[in-house]
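Working notes, beginning with the structure itself.
Numbering (this note's numbering), first residue to last: 159 to 384.
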């Protein structure tokens, strides 16, 4: 995934590009600290992440600056660390199952990484039994286990309107994608929205400049006493 191109295609203002792209890679001491290096894409369910923390991009949102590190779905929805240090799914046009601009994922990036890795653990246990078809009983058990853990680790992230409720529902009811889908290849559907647009036609969206407020010389505007 090219995160910069994805953000540009969705007209999301970029404040600062990835530090790696401008020749400022993270040190080996820092690269593993925040957990981003442990995230891995899962294309069947359209989870996509940068590989290392120095590939994150700072964007402008209605809530201020946010650090974008991943993408969910075909286009328009991004995982960001906001000013409150929580991880949110940010969708400027509410292009998600919740039809909301902001959907809470976790209270911190560290807990997000833990939750995603536990989700993938459940997914790969289900994939391991592919020859027998989808095991609904196992799916229900795995979803309940993850929900129980999440309620203890991050209570706000366990509520029904938070992000993880949707993939857990899909796992429980057998709707979570376990295999690659050949239909997209057959009809020529791109994996990301930005792949529909020629790269030369995509210009990065910059945040609007802060307004310049002229200073007022009060000496010239003060009413002289009569």
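Beta carbons: idealized from backbone N, C-alpha and C, even for Gly.
Cβ atoms of residue 233 and residue 324 stay farther apart than 8 Å, at about 17 Å. The closest CA to that of residue 298, considering only 198, 280 and 319, is found on 280. The three-state secondary structure of residue 191, taken from DSSP, is coil. Annotation: residue 166 to residue 286 spans about 38 Å, alpha carbon to alpha carbon. If you draw a straight line from the Cα of residue 252 to the Cα of residue 168, it is about 12 Å long. For residue 219, the enclosing beta strand (DSSP E) has its first and last residue at 215–219. Going by C-alpha positions, residue 256 is about 13 Å away from residue 231.
Residue 176 is positioned such that its CB atom lies closer than 8 Å to that of residue 213. About 6 Å separates the CB atoms of residue 193 and residue 268; that is less than 8 Å, so the two are in contact. Contact between the region 310–318 and the region 329–339 is absent: fewer than 3 CB-CB pairs across the two stretches fall below 8 Å. Burial check for residue 282: the Cβ neighbour count within 10 Å stays below 16, so the residue is exposed. Residue state for residue 350 is assigned as coil, using DSSP reduced to three classes. According to DSSP, residue 230 shares a beta bridge with 205. Straight through space, the alpha carbons of residue 339 and residue 291 are spaced by roughly 16 Å.
Apart from sequence neighbours up to five positions away, the residues of its chain that approach residue 320 with a beta-carbon distance below 8 Å are 261, 262, 263 and 314, ordered along the chain. Annotation: the continuous alpha helix (DSSP H) that includes residue 280 extends over 267–286. When the beta-carbon positions are compared, residue 284 and residue 304 stay at least 8 Å from each other. Bounds of the beta strand (DSSP E) holding residue 174 are 172–174. Taken through DSSP and simplified to helix, strand or coil, residue 294 comes out as helix. Pairing residue 199 with residue 159, the inter-Cα distance amounts to about 9 Å.
The residue from 330, 326, 322 and 308 with its alpha-carbon nearest to that of residue 293 is 330.
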